[in-house]
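Here's what the structure looks like:
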């Protein structure tokens, strides 16, 4: 099928996955409104499966997008490999996030449809964020995602921490939105359009380099994104929000919001604003450096695993920023790949933390993990896999991901970033290993209750997650190929053609031989 | 297997070593059998009693056959038996090769011969010991390694034996390991020897680098052409080799281990620390005579160290009370003589003295062993814990142990150089050549040391066998002569101590027939070295530094020795000693000598203790402090930085927003300013 | 062609312990050790024929197999052995059954996991030695850390956590920088030839510019130096050795340390021949090795803890090996390789022996013993033999290795060899006092009087080591012959590449002349 | 003296934004902080409207979206503030530091 954006219907087709998720969300919400449920049980027992089904449907719809041909990429939404890959990641995060969260919702007696609705709405925001090419849609998407997540953060109304986290996140988020919006306004003021693909020539003509308004716009836009991906120094909300939020939500936030944020950075900063590279290169470089160093150090001082993981997730934003800073197809592919891997490991880790923490999420201190490995061998093993992957240790996906980022940095000549990446990883070994040593090297005291057995959905998600990480570590070929293709397949600015011009072929539609096995590294002389 | 007569017949054509591997294998098999026995049939004394001595006597028999064959063939070149390739890497090829020439044959005879006697003696001496089987395992193993040392056809194989005998020495010194001091003595011997071995190693490296091989034949053949006479290289090689010799043969400065080594059973002292192992250094110098001959500086060093050691040890020996310590210092002193000989280039004389010394010093040690055996037995009977070795506890033993008494006097006269015993000929030859080759000072030292030798040996005999018995009234009745299995070896050695010198009788002596048997025998071995020496101006002076010919000085020295013996005897025989327990430590010069010139203490204070302190410092300060400290400090610092950093996370939104805005302003500022 | 000459034997060897590890996890508490023992012996028997099947006289890689793996990055599953790695593999398979059997009564909890970890470690170690793809190599290199971390951390002594984390972090510092270097190397290769590959055979032919060689070499060298360990990055070793359970110490000393020296030989030196043979590098490493030899011996001599003492002796012994490697002579490198084997056997056996004492007395302090020879004669015998091997007495394996190293080193760096030779003296100064204080003297402690001599199982553990000590000591020929062709070719290779190293990046398609050393023997 | 009205409006907008930012930084009452954020958003709206005069209507569209989003944010935000008020009996943001370090 050939998409032609002159027809509005075709825009619906282009947005099909998002629409499926949104509709599912609305259905869930309606069900919740009209169902009478007790406060301690799900309002409708099958909203969970329903949501999962909807998400799987969205996955299928997303896969269907792959078959489309798009001669002219002139809509506000891109239909390219990058977006589809991001959609897969976000949908995966949603599916696994939900699977992991059922146990928690049941345990805490807070299984309501609105939780699922909020998750689905956030997912819609995230998906749009990865696909849109228009600043207006960008703003709406980011707010859709953020507002849903604010609520999710404060979902546990009985918890003081949850409320505090929500307030902090909300105030900071709204504050950051102001800057983001101002950035959008300034960019618009400089280039005269919200659809950046249409303003190519304006910047390319060279008027940009001494245009302070454009610079300020780009900088503020970047700040807005940096806040979402919690890059230092805009990360301060993260540990608090992550710690206070209900743990499954934390995992979902850490994986999904970050993925969406990076998608936006990659698309808007490195692609759409590529001609303004001189503005953002340095900023991203410094963000990457700081974001690798600061949280890794701070995590050393944590004795709460959940908060430690929160810092760790900030650190991972730093690693991902290295891929962005490399500013090459290889870097973008690496970022994509790492996002997928990161999502799997961070979701799993937070899920295990809540399982160990017990009702009310009370036991998430390091000492509460003593002896876990021997008491719950499978859970322990899965956690070891997640932690080793977070640490970037072979044979896990985390290692391949870091190797990918590393090669991107080396290829772009960013050796300082590369070395910082490995040295900060080294620091991170310490605090990841510390969890392992608590789990295996120390005995659990009698008073420490054994974590309850996880449910079926949890077990399924955790085993798939852990196995996937191992597979990604040992046989990453397929994943690498996909990431490589998606990373190169971003709708390029130059592909925007005037209506009526000859359709240009999409890169991903080209002969598959173009991305042959050995071409993961881009041209050396960029 | 070929029959013996046939072998002897063939020998005329050319010398082929007969059963060469078995010379080594027999002691090795003995060691293994006894070693297994030490674990598995510890109570059984029959097997070790047979296997131990038999292994060595068997080897001796093969050696004798070989000796006869070699004598018949009179080969000029050594016969090399290659067993297998030991190491082969890069340009280095080291074979397990055995060299049969006149020198090694002589050594083989001495080693296996004396060993056989001592093994038999040990059957009696060690009979009561619970470690009987283990003892023979060690002793057999020692013979095995000693034979390797002697037979090695290259430096590396010699070194195997060299360190192997050191190992056995270590094991045997510490044989009674439950005594902490004995075990320490073994350790000391090993470590001090290792210092010498370091020299040997470096010498080997030098040889390999300059010759590309370690084989004696090749090296000696190439040396005169490859190295400059008196050059740095050959001097270095020989000096490093000599460092090895000072360790193994207990010369200054590494002699300190040997007196302590008396902690081992007395037959061990006789075999290892008198007759065989400690002479390995002399053997090595003789073996590498070509190299030494090319290095006049090294020769002078060897001779000077030898002379110095001879004198120093002799002085110490005069004031020792432990019968074995006296003999130990005597050994050190006699080894000094041998080094003087090989140092000045009188190789045959050195080897000659090595041989005779093996006889009479083994005899003296075994005799002292008999004394100790008797003393120990007596004290054991009365449950006394007095020291049986201390001569102050002995005295008057001639009444109880006549055979021991007689044979030991023979040994004493032999070592003192009284005509016509073995020591007379060998020692006289050394002293004479020292003077004749122009080493005047050394000659004087050698003469003085010879007189001291006579003195302290007489003192030993007097204190042990003459005068009143001081063993104690209750123990005295239990003193008696040792059994036949022990005195027969004494007798054999006594005979050898008498006749052993007759193989080499100089022309100069009147009346006596000139005998050159040893000289002729060793001639092919030392010919190249002598050639080099003579080419560089070595000449026989035919008169001593202060005049007088060989015959005259031989007469003077033997008469002087006799005079010393008589005077010492008369001076001491009526003197009364208090038993050791009642004695006070000697003072004055006697005290200094009694305390061995305080050399051990000196080494302790200037080397051992500072080193230990340095090592502790390395551990505590460098390792634990500096390196680990900085690494742990780095880790702690990182964590501290992390902790401080996390304090910025105040929990207050206003702070967070402040950082946020700061970040924004910094970014904007970078471009706008 | 028999199975053992085939391409697959190495893969089976690699997978067998892994399968055993899984089996251990499912085995019962009491069966796990038997499963592990059988697996390790099977692996040993499987590897043993390689020793005879191996064709000497050629530096070519044998039993070579290469299967595309991650095509995207030009990564392949490539394994094979040459003479050097063959000995290392055999050392590993030889040590493991000893270590496992030696753990039988030592390990009393979580046995299935313990034995699974040991076998996992075995796979990783074999993998390191046979991998000929930089990715595969790095994978195994890192993989080995995890089981070791667990072995020290779970079954170790009192300060096990400190030791485990120290071990892990020390090693990780180096390996991570090495990872950057590997990636850079791959990138340089790509820039030169336009092909992405992690294959050893390809990368080794890349002419790296002289200045880049130093940086990359440093990164590799740091990783390997920590593992060796060279002074001053050795301090993880005493802690890890002391705290690890017996088998852990045995494997650490026996195999893991060899990975460092092997890494130099296999990777750092041929990859960056110019840097590796430059004066500054050679003198630095020789100096550090000498410090290691002398300093290791000194510090060992004053240790009150027997295990720590042995740990420091490893520093000294590995100093010898490093000295041999960087003396760059055929004799010294072959000696170094042999010494790697020797050290593995002797020090492994020493740790086993100390472990046996520890099992009986629960102390490792030398002063707590004394007179052990009286109550444990066979133990004393074994202890003395192993100690003598450790101090390099001729007739034992230790001498052959040290001698070759020293004599080879003397050819190129006589002063270094002479200084190193003093290590021979110091070796006696640390080992013999320990032997004396543990074995000799009167039995003063009543507890020591009750000790029982080592039994049949323990004798079986020790006998192979004792046999090898003597065998290599008197007849090292078969071992040296294995390595000679590889070492000679390696030396030639290094020399040639050092001289050809370019100053500026070369145009595409310029390669080092091809040398047979890395050629693959396809027969 | 003919100050460009557009430039003046932009400066005003920036000033308002700064005021909002400053308010966020200095005020402690969560509701006032939130109102300051709203002020920032509206300051941006002002800019957008100015831009739309010359650059097109897209900006005005965005303004509507911003208003809608702000409304949604207000709804959620106030709900959160109520929730936290229940726990803390107050809305002083400095008191909410259970989560820190």
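Chains as they are written, first to last, in our numbering: chain W, 1 to 526; chain P, 1001 to 1673; chain V, 2001 to 2523; chain U, 3001 to 3101.
Note that the Cβ used here is the ideal one computed from N, Cα and C, for glycine as well.
Where residue i meets chain U, residues with beta-carbon distance less than 8 angstroms
{"i": "residue 367/W", "result": "Per Cβ cutoff of 8 angstroms: no residues; residue 367/W is ~17 angstroms from chain U at best."}
{"i": "residue 1658/P", "result": "3025"}
Proximity winner among the options, relative to residue i (alpha-carbon distances)
{"i": "residue 2006/V", "options": "2395/V, 2046/V and 2439/V", "result": "2046/V"}
{"i": "residue 1593/P", "options": "1317/P, 1032/P and 1370/P", "result": "1317/P"}
{"i": "residue 421/W", "options": "317/W, 343/W and 371/W", "result": "317/W"}
{"i": "residue 1220/P", "options": "1292/P, 1579/P, 1311/P and 1335/P", "result": "1292/P"}
{"i": "residue 27/W", "options": "110/W, 449/W, 115/W and 11/W", "result": "115/W"}
{"i": "residue 1555/P", "options": "1250/P, 1418/P, 1163/P and 1496/P", "result": "1418/P"}
Coil, strand or helix - residue i by DSSP
{"i": "residue 1390/P", "result": "strand"}
{"i": "residue 2108/V", "result": "coil"}
{"i": "residue 1516/P", "result": "strand"}
{"i": "residue 1015/P", "result": "coil"}
{"i": "residue 2192/V", "result": "helix"}
{"i": "residue 365/W", "result": "strand"}
{"i": "residue 3004/U", "result": "coil"}
{"i": "residue 494/W", "result": "Per-residue confidence for residue 494/W stands at a pLDDT of 47, beneath the threshold of 50, marking its modelled position as unreliable; the derived number appears in the next sentence. Here residue 494/W sits in helix by DSSP."}
{"i": "residue 1084/P", "result": "strand"}
{"i": "residue 2131/V", "result": "strand"}
Within chain W, the residues that residue i reaches when beta carbons sit closer than 8 angstroms
{"i": "residue 1630/P", "result": "Residues of chain W passing the Cβ test: none, with the nearest at roughly 17 angstroms."}
Exposure label - residue i; buried when at least 16 CB within 10 Å
{"i": "residue 30/W", "result": "exposed"}
{"i": "residue 943/P", "result": "For chain P, the structure presents residues 1001 to 1673; residue 943/P sits outside this window and is missing."}
{"i": "residue 1094/P", "result": "buried"}
Per-residue contacts from residue i into chain V (C-beta, under 7 angstroms)
{"i": "residue 411/W", "result": "2187"}
{"i": "residue 428/W", "result": "Chain V residues near residue 428/W: none, gap ~10 angstroms exceeds 7 angstroms."}
{"i": "residue 440/W", "result": "2150, 2153 and 2154"}
{"i": "residue 476/W", "result": "2070"}
Listed by chain order, chain W residues near residue i by CB distance under 7 angstroms
{"i": "residue 3040/U", "result": "178"}
{"i": "residue 2161/V", "result": "437 and 441"}
Contacts that residue i makes with chain V (C-beta to C-beta distance below 9 angstroms)
{"i": "residue 52/W", "result": "None at all; the shortest Cβ gap to chain V is about 32 angstroms."}
{"i": "residue 1618/P", "result": "2295, 2298, 2299 and 2302"}
7 angstroms Cβ cut-off: residues of chain U touching residue i
{"i": "residue 1662/P", "result": "Ordered by position in chain U, no residue passes the 7 angstroms Cβ test against residue 1662/P, which lies about 10 angstroms from the chain."}
Residues that residue i contacts on chain P, provided the C-beta gap is smaller than 7 angstroms
{"i": "residue 3100/U", "result": "1649, 1650 and 1651"}
Contacts of residue i in chain U (Cβ-Cβ under 9 angstroms)
{"i": "residue 151/W", "result": "3076, 3079 and 3080"}
| said: Closer than 8 angstroms between beta carbons: that is the criterion. Which residues of the segment 1244–1263 of chain P meet it against chain B? | reply: No chain B is part of this structure, whose protein chains are labelled W, P, V and U.
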